[in-house]
Amino acid sequence: MAGIEKMTAGLLDTLGVEYALYTQGSMPSHSPLTGEQIAAVRIADAADTDAALAAAGAAFRAWRDVPAPRRGELVRLFGEELRAAKDDLATLVTIEAGKIPSEGAGEVQEMIDICDFAVGLSRQLHGLTIATERPGHRMMEIWHPLGVVGVISAFNFPVAVWAWNAALALVCGNSVVWKPSEKTPLTALATQAIFERALRRFGDAPAGLSQVLIGGRETGEALVDDARVALVSATGSTRMGRAVAPRLAQRFARAILELGGNNGVIVAPSADLDLALRGVAFGAMGTAGQRCTTTRRLFVHDSIYDGFVARLKAAYASVGVGNPLESTTLVGPLIDRAAYEAMQAALPAAKAAGGVVHGGERVGDGASYYVRPALVEMPGQVGPVLEETFAPILYVMRYDDLDTAIRLHNDVAAGLSSAIFTTDLREAERFLAASDCGIANVNLGTSGAEIGGAFGGEKETGGGRESGSDAWRQYMRRATNTVNYSDALPLAQGVSFDL
Ligand code: UN1
1 MAGIEKMTAG
11 LLDTLGVEYA
21 LYTQGSMPSH
31 SPLTGEQIAA
41 VRIADAADTD
51 AALAAAGAAF
61 RAWRDVPAPR
71 RGELVRLFGE
81 ELRAAKDDLA
91 TLVTIEAGKI
101 PSEGAGEVQE
111 MIDICDFAVG
121 LSRQLHGLTI
131 ATERPGHRMM
141 EIWHPLGVVG
151 VISAFNFPVA
161 VWAWNAALAL
171 VCGNSVVWKP
181 SEKTPLTALA
191 TQAIFERALR
201 RFGDAPAGLS
211 QVLIGGRETG
221 EALVDDARVA
231 LVSATGSTRM
241 GRAVAPRLAQ
251 RFARAILELG
261 GNNGVIVAPS
271 ADLDLALRGV
281 AFGAMGTAGQ
291 RCTTTRRLFV
301 HDSIYDGFVA
311 RLKAAYASVG
321 VGNPLESTTL
331 VGPLIDRAAY
341 EAMQAALPAA
351 KAAGGVVHGG
361 ERVGDGASYY
371 VRPALVEMPG
381 QVGPVLEETF
391 APILYVMRYD
401 DLDTAIRLHN
411 DVAAGLSSAI
421 FTTDLREAER
431 FLAASDCGIA
441 NVNLGTSGAE
451 IGGAFGGEKE
461 TGGGRESGSD
471 AWRQYMRRAT
481 NTVNYSDALP
491 LAQGVSFDL
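Residue numbers (full-length UniProt numbering): 1 to 499.
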């Protein structure tokens with residue numbers, strides 16, 4: 001066994017994943033760190049999927065009757081188990097998704113955070129009491145568990161995005177079926193093993209409450225098309241969302257769509273440029289440009305452009321690119337060859353559209369794909385700037401008038417995250433009022449949102465909201481109840497119907 005394969009096997013064993021699940025399957029699994037095969041994972045066939053959905057349905061019918069604070073106890077235990085497993089799961093995230101260790105740890109922390117949030121929420125699943133026009137009546141709304149929740153997640157947040165959905169879905173009284181990315185099955189199996197430890201400590205949860213289905217597109221489609229799945233929360237490309245959304249609509253199922261981003265930052269003349277530099281550098285180069293919240297477009301005011309962009313270029317030229325298990329690395333690998341090819345197609349297209357490319361070249365060779373992040377100075381918002389390429393490419397443009405910059409900022413198909421760096425209160429407020437994204441920040445970058453707020457975006461980002469605020473309501477159904485405690489039967493709208 002080669003180094004990383006052995007390390008992976010050791011971690012999976014410590015995390016409690018059954019040996020046969022990752023050694024005897026037919027789906028090879030590779031680490032982007034070296035490109036080597038690290039496991040062979042069993043995949044679910046149609047019969048497995050059917051059985052999982054049947055079990056999830058039965059689990060839902062039992063779980064919905066468990067009081068919500070007791071359901072919260074399971075999520076509390078899961079959070080404890082995640083704390084205990086944090087280092088190992090984070091290392092596995094590094095091996096499987098290529099994140100640097102602090103981002104791997106951050107991802108597991110995000111899981112822990114949403115567990116804490118969901119535990120508190122389990123005592124606050126509240127509806128309203130509403131004034132009624134009828135005397136002697138009371139009108140109220142009650143939130144009920146929804147059903148089986150399907151989660152389709154992407155490679156770049158292989159465990160946190162599932163946790164945002166699962167923690168809320170579980171306290172809301174639902175069961176969960178998870179189809180992780182084919183690129184990251186091992187972190188999903190490990191998460192399942194951790195969850196099962198929490199289940200054993202909890203004691204009497206129904207079997208099949210949360211399950212993982214490792215598989216490809218057909219498995220995802222099965223979740224999307226099966227009437228037993230009440231809600232599908234899907235994270236991935238806009239192309240994927242375009243395929244999924246109409247199929248869910250066809251059967252009136254609920255959807256939470258978390259799709260592409262083309263996130264922009266404006267650096268205004270009054271900005272604290274040291275802060276802006278760090279915010280843009282992390283937003284654009286962090287996670288090797290593979291977050292849906294990655295900064296992809298930068299609008300810099302004419303008056304500060306030359307100095308600021310020179311500093312940014314220096315950061316791009318010197319940032320540590322390489323194996324994330326080495327301590328100087330800030331930019332790890334691209335997930336695979338296809339990601340590299342997409343990047344290599346975008347750069348000449350940018351050049352053809354008048355761009356000047358700095359960086360972007362491959363670092364090393366072989367079966368892993370490391371690249372120096374690319375900073376591309378563009379004469380305007382044209383060509384590949386209008387699209388999301390899931391790689392570290394930052395398109396930089398000049399502006400001289402804030403309204404024009406804001407108009408260009410909004411003039412793309414996606415609407416996930418956005419930011420302005422300014423110390424001018426009016427500029428900040430103008431930007432917040434005008435940004436058409438689900439997330440708009442002042443003096444911080446586009447990525448790295450915390451779980452307390454609702455996360456998601458508009459337009460081709462899909463409109464879904466996950467994690468904090470009132471995102472929980474999507475995992476429940478609302479019933480409006482009216483109770484008549486009088487001995488008369490007044491009809492609404494003054495209608496009379498006297499027999
Ligand atoms: C994603 O890239 O799919 O705000 C999610 C962030 C993270 C989540 C990103 N909290 O960058």
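All C-beta atoms, glycine included, are put in the ideal place defined by N, C-alpha and C.
Closer than 6 Å by C-beta to residue i: which residues in its own chain qualify, once you throw out the five before and the five after it? Chain order, please.
| i | result |
| --- | --- |
| G415 | D436, C437, G457, E458, K459 and T461 |
| G236 | A154 |
| E5 | I38 |
Leaving aside the five residues before and after residue i along the sequence, list all residues of the same chain whose C-beta is less than 7 Å from its C-beta, in chain order.
| i | result |
| --- | --- |
| A349 | G383 and P384 |
| A2 | E36 |
| G260 | S237, T238, C292, E388, A414, E460 and T461 |
Using a Cβ-Cβ cut-off of 8 Å (strictly less than) and excluding sequence neighbours within five positions of residue i, which residues of its own chain qualify?
| i | result |
| --- | --- |
| R123 | A68, P69 and G72 |
| Y399 | I266, F299, V300, H301, D302, A405 and L408 |
| I43 | G25, S26, M27, I214, G215, G216 and T219 |
| N484 | R134, G136 and H137 |
| I304 | V267, P269, A271 and L273 |
| A52 | A44, V177, G208, Q211 and L213 |
| D225 | R247 and R251 |
Along the chain, where does the beta strand (DSSP E) that runs through residue i open and close?
| i | result |
| --- | --- |
| Y399 | I393 to Y399 |
| S181 | Run containing S181: none; DSSP gives neither H nor E here. |
| V382 | Looking at the DSSP string, V382 is not in any beta strand (DSSP E), and its letter there is neither H nor E. |
| V356 | V356 to G359 |
| H30 | M27 to H30 |
| I95 | From DSSP, I95 is part of no beta strand (DSSP E) but of the alpha helix (DSSP H) over A68 to A97. |
| E258 | R254 to E258 |
| V212 | S210 to V212 |
| E149 | The sequence shown places Val at residue 149, rather than the Glu named in the question. Looking at the DSSP string, the run of the beta strand (DSSP E) that includes V149 is V148 to I152. |
| V483 | M476 to N484 |
| E377 | A374 to E377 |
Would you please state the rounded distance, in angstroms, between the beta carbons of residue i and residue j? I believe it to be under 8 Å.
| i | j | result |
| --- | --- | --- |
| P324 | P101 | 6 Å |
| V119 | R76 | 5 Å |
| V396 | V376 | 7 Å |
| I439 | D113 | The Cβ separation is near 17 Å, so there is no contact. |
| N174 | V148 | 7 Å |
| M111 | V176 | M111 to V176, Cβ: 14 Å. No contact. |
| I335 | G98 | 6 Å |
| E141 | T480 | 5 Å |
Rounded to a whole number of angstroms, what is the C-alpha to C-alpha distance between residue i and residue j?
| i | j | result |
| --- | --- | --- |
| D403 | M343 | 31 Å |
| A471 | Q381 | 34 Å |
| A193 | E18 | 8 Å |
| Y316 | G359 | 7 Å |
| H126 | F455 | 21 Å |
| G150 | T423 | 43 Å |
| residue 506 | H30 | No information on residue 506 is available, as it lies outside the stretch 1 to 499 that the chain covers here. |
| R200 | A59 | 15 Å |
| E341 | P333 | 13 Å |
| F252 | R228 | 12 Å |
| W162 | A310 | 39 Å |
| E196 | P185 | 17 Å |
Is any heavy atom in the ligand GDP found nearer than 7 Å to the beta carbon of residue i?
| i | result |
| --- | --- |
| C115 | Of the ligands this structure carries, namely the ligand UN1, none is the ligand GDP. |
Note the first and the last residue of the continuous alpha helix (DSSP H) segment covering residue i.
| i | result |
| --- | --- |
| F308 | D302 to S318 |
| W143 | No alpha helix (DSSP H) contains W143, which is instead part of the beta strand (DSSP E) from H137 to P145. |
| N410 | L402 to N410 |
| G104 | P101 to L121 |
| R430 | L425 to A434 |
| E218 | R217 to D225 |
| E5 | G3 to L15 |
Determine, using beta-carbon pairs with one atom in the region 171–190 and one in the region 142–161, whether at least three such pairs fall under 8 Å. Yes: the two stretches touch, three or more of their Cβ pairs being nearer than 8 Å.
With three or more C-beta pairs closer than 8 Å as the rule, is the region 27–40 touching the region 183–196? Segments in contact, yes.
Using 8 Å as the Cβ pair cut-off and three pairs as the minimum, do the region 252–259 and the region 357–371 touch? The answer is no - the region 357–371 does not touch the region 252–259, with fewer than three Cβ pairs under 8 Å.
Three Cβ pairs or more, each shorter than 8 Å: is that satisfied between the region 9–17 and the region 87–101? Short answer: they touch.
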